[in-house]
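Chains as they are written, first to last, in our numbering: chain B, 13 to 264; chain G, 3 to 524.
Glycine included, every Cβ here is placed at the ideal spot set by N, Cα and C.
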Amino acid sequence: MSIIRPYGDTTGDGMVQMSFTLPIPHDKRAEGAAIQLANKMGMDPALVVHAKPMGPDFTFFVVYGPVNHLVDTSKVEVIERDYPLLSPKDANLAIRKGLRRRLTVVGACIGTDAHTVGIDAIMNIKGFAGEKGLEYYRELKVVNLGAQVAVPELVRRAKAEKADAILVSQVVTQREAHVLNTKEMSAAFREAYSEETRPVLVAGGPRFTEAMAGELGVDRVFGRGTTPGEVASYLVDALVTRRKHAAVRRTA
Amino acid sequence: MTRAVKKLDLDPVTVRKARTLARKAGKPIVNIAKQHTTVSVERAVLRLAGLAGADSEGIPWVNRLADTVRADVGLEHGLALPVWDALLRGEAEDLSVLAQKAASGSVTFRLPEGKDATRARTASRKAAAAGLKKVDARRKERDRLIKRHGDPEQRPWIYLIVATGDIYEDIPQAQAAARAGADIIAVIRSTGQSLLDYVPEGATREGFAGTYATQENFRLMRAALDESSRELGRYIRLTNYASGLCMPEIATLAGLQRLDMMLNDSMYGILFRDINPIRTFVDQRFSRQIHARAGIIINTGEDNYLTTADAVDAAHTVTVSQLLNEYFAKEAGLEDWQLGLGHAFEITPEIPDSFRLELAHAMLARQLFPDAPLKWMPPTRHMTGDVFRGYLLDGFFNLVGAMTGQGILLVGMMTEAVVTPWISDRDLALQNVRYVLGAAGNLHEDFHPAPDGFIANRARQVLGESIDLLERIVDDGLLNAIGDGTFGLMKRPQDAGRGLDGVARRSSQYYNPAIELLEEAQ
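Laid out in C-alpha cells, this is it:
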C-alpha cells in the first residue's frame, strides 16, 4: 500500500493536529485567520480547538482537522548515510575491540581562522545539540590545538601524537579562505605521509558541502549542523570497521 | 526564601565534616591563587580605572595596553605600577591616550622603584577606588529599585533565557518574557566567547547561538529591564556569564552595569572548556571578590556534571562541587544569599523511582545550604524532541522545585534540543510553572519524608559518598584530582589548557590596587 493518509482513529480519516502562533491580538478575526491558514495547508474543515492570547500582540492556536493530501510512500527519497550511527558507548566498544588502543584525533582551526566554534562544538566535552563532544569518548584521545594553527605545525603535532585522524574547522570564508586553507592542509599531509600511513583527513564548516571532499583532498567533509556523534561514528567506521590505515600502523 | 529545613535527618557531625574537608581541599588552591596573577585580572584593574573601548581592529584598549606593558616589564609585578608610573612621568594625560601610545610603540614602561613606586601605588589605588565607588553606587541603586518595585511574590524566582545573537532582538524578547512572568532574564553568550582572551566591544548583532557579553550590551539590556521593572512593578533581574578566560573583566563590567546575577563556577572552565586550572582559580577568586562587592548573586554550574556523567552515579560529585563552590565563594567574600549553587533534574526518567531520587538529591542540597538561593536546572539530556513527553517531564521538574523550596528555577522548554525557544514554547513553559507553583507551591509544608524511608536514605547515601570523594581529593590534592579526571570524567593537568600563557607568579614587588581595596573591605 503506497498511498496513505494520516491516521486519527479511523483508516483514511487524514486527521492531523498542529499548533502555531500568529502575530495578531486574539479575537474572532484571529481565529478566522488561523482557519484560513489551516485551509491553505490542506486542512479542511479546520477546527480551532484552542486559541490563547500571549501578550497583547500574539495568539497561540491549536488546530485539528483532516488534510486532503495523499502521501505516496513509493516516491519518498532517502539519502542514506554510508556509516552506522553509534552511541558513545558503542563507539568506545568498537574501538576497544577493533583497535585495542585509543584512537587519536587531532583537531585545529587552521590558517587565520580564529573561530573555534565549530571545532569546539565537535571536540569539547560540552558538545553540541545535546550530544557530548569527542572528549567524552573514553576511547578517543582528543588533542584540540585551537585557533590559528599553521599547517606545518598541525603536521608536526599530528606526527608527534601519532594521529589517526585530523579534524580541521573553517568558518571564515572570505576570498575562499576555507577552500584554500583546507587544500593546503591536505596537500601537506600527502607530502609528509605515504598514502598508507596518512591519517584520515576530515574538514568541517558551515560553508562546506559533503560533495566537496574530492576537490579539497580530504576523506570526508561535514557541513552545517553536524553533531559530534556523527563525526565519532564516521571515524569508527573509517578507522576501525573499514580499517583504513589502522592495521598497517600497528605492524609498523 | 522558603526554608525546608531539617526535613532529612542528616547527622550534623557528618555535615560539619563535609565542610571541613571542602575547606581542606580548597585552601591550597586559594594559596596558589594568592601567589599568581593573570592577564585578565590585570586588565580588570584597567577597566575598573575606566579604560574602555577598542582600536579599529576591535582589540580592546585594555588588551593593547596590557600586552605592551607585559612585553616591557613582564606580568609578574602587576600592571598598576608600570602603568601609573608612566602616567606620572607625563607619558599621557590619561589611560586611554596611554593605551593608544602603547599600541603605537611610542612609550616604554618600567617598573618604578622607591618614591616613584610609592607615588604610582597611590595613584593607581585612587583610580581603582574610583571604579569601586561606581560599583558601590550601582549596588545602592539596585537596593533602591528593589525597594521601589519589589521582589517577586513567589519563590522560586522564575529564570528565563533569551539567546538570539542580536542584542536588539534580545531586548523585546526579554521584555516579553518579563511580562509573561519571568523574574530573571539570562542572556546566553555566543558559543565560544568563553575562549576569547578579550571582551568584545560595543552593541553586537551577530552571535552564534547567543549574544556576546559586552559592556554596551549589558547596559542596553539593563536599561530595557529597568523599563520593564517600572511597567510591571517588580524588579526584573539580569543574568550573564562570567565563566571563561575573562572572568575578572566580565565580572567588573557586570558590577559597573548593575547586572544582578552571574554564572560563575569554580571548575567549569577547567573541565568543560579546557582552560588551565591555575588560570581559572586565579581568575575565579578575583571575579568573585568583585561579585561580592557588587552584590551580585553567583550561579554555579553543577548541572553540567550531570549532562556528562550519570545523574545517579555522579550525584555526589554535584554535592562535592557545591561544597567547594561554597568554600571558594565565601573565601572571596560572598555571603550565603549570593550563592546560587546549581543542581539539575537529569536522572533517566525510565529508571524506577527516578522522581523520588530527584527529590532526595534536591532536598539534600536544600538542607546542606539552607540560606543559599539554590538554582534548580531543568532536564536537557532526556528531552528527545517528543515535546509532549518533555512537557510532562518539565512539570515533574517544577514539582520538585516547589516541594523542596528552590531559590531560582530555570524554566525548562519542551522544545529543548529542537529549536531555540519560540514565543509559544516560553508561554507554555511559564503556564506549566505557574500551574505547579499555584497547585503545589505550599506542598513543602506537608511534605516530610519518612525518616528511614527511601528519600532520607538516599540523601544520606549521597552525602556519605561525597565525604568519601572529598577525602580522596584532600589526600590527592584538588589539582591532582582534576588532573586525574575525578570530575565530569575530564583529565585536566595543571600545566596544560588554554590561557596558561596568561598566568604569572607574583613577584615580591607585585601590586594590585583592586585586590588590596577589595580585601581591606572584606
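Which of the three DSSP states is assigned to residue 174 of chain B in this structure?
coil
Rounded to whole angstroms, how far is the Cβ of residue 9 of chain G from the Cβ of residue 363 of chain G, which I believe are closer than 8 Å?
That pair is no contact at about 14 Å.
Can you have a look at residue 288 of chain G and say buried or exposed, based on whether 16 or more other CB atoms are within 10 angstroms of its CB?
Buried, because 16 or more other Cβ atoms sit within 10 Å of the Cβ of residue 288 of chain G.
Residue range of the alpha helix (DSSP H) that residue 189 of chain B falls in?
Per DSSP, the unbroken alpha helix (DSSP H) holding residue 189 of chain B starts and ends at 189–204.
Say the cut is 6 Å; is the CB of residue 175 of chain G nearer than that to a heavy atom of the ligand FMN?
For the ligand FMN, the structure offers nothing, since it holds no ligand at all.
Spatial neighbours of residue 392 of chain G in its chain, beta-carbon cut-off 6 Å, leaving aside the 5 residues before and after:
385 and 416
Which of helix, strand or coil DSSP assigns to residue 9 of chain G
coil
Within 9 Å of chain B by C-beta, residues of the stretch 206–231 of chain G in sequence order
Under the 9 Å Cβ criterion, the stretch 206–231 of chain G contributes 210 and 211.
Taking residue 66 of chain B as the query, report the chain G residues whose CB atoms sit under 9 Å from its CB, ordered along the chain.
178, 182, 425, 426, 428 and 429
Counting C-beta neighbours from all protein chains within 10 Å, is the total for residue 278 of chain G 16 or more, i.e. buried, or is it exposed?
buried
How would you list, in chain order, the residues of chain G whose beta-carbon sits under 8 Å from the beta-carbon of residue 16 of chain B?
Ordered by position in chain G, no residue passes the 8 Å Cβ test against residue 16 of chain B, which lies about 22 Å from the chain.
Please confirm if residue 399 of chain G has its CB atom under 7 Å from at least one CB of chain B.
no
Taking C-beta pairs closer than 9 Å, name the residues in chain B that residue 40 of chain G reaches, listed in chain order.
By Cβ distance, chain B contributes nothing, its closest Cβ being about 18 Å from residue 40 of chain G, past 9 Å.
Closer than 7 Å, CB to CB, is residue 194 of chain G near chain B or not?
yes
Taking C-alpha atoms, which residue in G:298, G:359 and G:276 lies nearest to residue 312 of chain G?
G:359
Restricting to runs no shorter than 4 residues, where is the alpha helix (DSSP H) found entirely within the stretch 346–417 of chain G?
356–370 and 389–405
If you reduce the DSSP assignment to three classes, tell me which class residue 115 of chain G lands in.
coil
Return the CA-CA distance between residue 466 of chain G and residue 11 of chain G, expressed in angstroms with no decimal places.
13 Å
Strictly under 7 Å for the Cβ-Cβ distance: is residue 456 of chain G near chain B by that measure?
no
How big is the Cα-Cα spacing for residue 52 of chain G and residue 501 of chain G?
24 Å
Have a look at residue 169 of chain B and residue 203 of chain B and give me their C-alpha separation to the nearest angstrom.
One C-alpha to the other measures close to 15 Å.
Please state whether the Cβ-Cβ distance between residue 1 of chain G and residue 196 of chain G is less than 7 Å.
Not covered by the structure: residue 1 of chain G. The range shown for chain G is 3 to 524.
Applying a beta-carbon distance threshold of less than 8 Å, which residues of chain G neighbour residue 142 of chain B?
382, 383, 385, 418 and 419
Note down the Cα distance separating residue 104 of chain G from residue 262 of chain G, rounded to an integer number of angstroms.
35 Å
Alpha-carbon to alpha-carbon, residue 230 of chain B and residue 182 of chain B:
Each residue's Cα considered, the two are about 13 Å apart.
Excluding the 5 residues preceding and the 5 following residue 29 of chain B in the sequence, name in chain order all residues of the same chain whose CB lies nearer than 6 Å to its CB.
Hits under 6 Å: 76.
Can you pull the DSSP bridge partners for residue 121 of chain B?
B:181
Quick one: which residues of the stretch 276–299 of chain G get their C-beta closer than 9 Å to a C-beta of chain B? List them in chain order.
276
Assuming the contact rule is C-beta atoms closer than 8 Å, residue 173 of chain G and residue 241 of chain G should be a hit. Round their C-beta distance to whole Å, please.
Contact flag wrong, Cβ pair sits at about 15 Å.
Taking residue 153 of chain B as the query, report the chain G residues whose CB atoms sit under 8 Å from its CB, ordered along the chain.
Residues of chain G whose Cβ lies closer than 8 Å to the Cβ of residue 153 of chain B do not exist, since the nearest Cβ in that chain is about 11 Å away.
Compare the C-beta of residue 137 of chain B with all C-beta atoms of chain G and state if any pair is closer than 7 Å.
yes
Could you tell me if residue 510 of chain G is buried or exposed, where buried requires 16 or more neighbouring beta carbons within 10 angstroms of its beta carbon?
exposed
Bridge-paired residues (DSSP) for residue 224 of chain G
DSSP output for residue 224 of chain G lists no bridge partner at all.
Would you please verify whether the beta carbon of residue 102 of chain B is less than 7 Å from any beta carbon of chain G?
no
Look at residue 378 of chain G and residue 340 of chain G and say whether their C-beta atoms are less than 7 Å apart.
no
I'd like to know if residue 271 of chain B contacts chain G, where contact means its C-beta is closer than 7 Å to some C-beta of that chain.
Only positions 13 to 264 of chain B appear in this structure, which leaves residue 271 of chain B out of reach.
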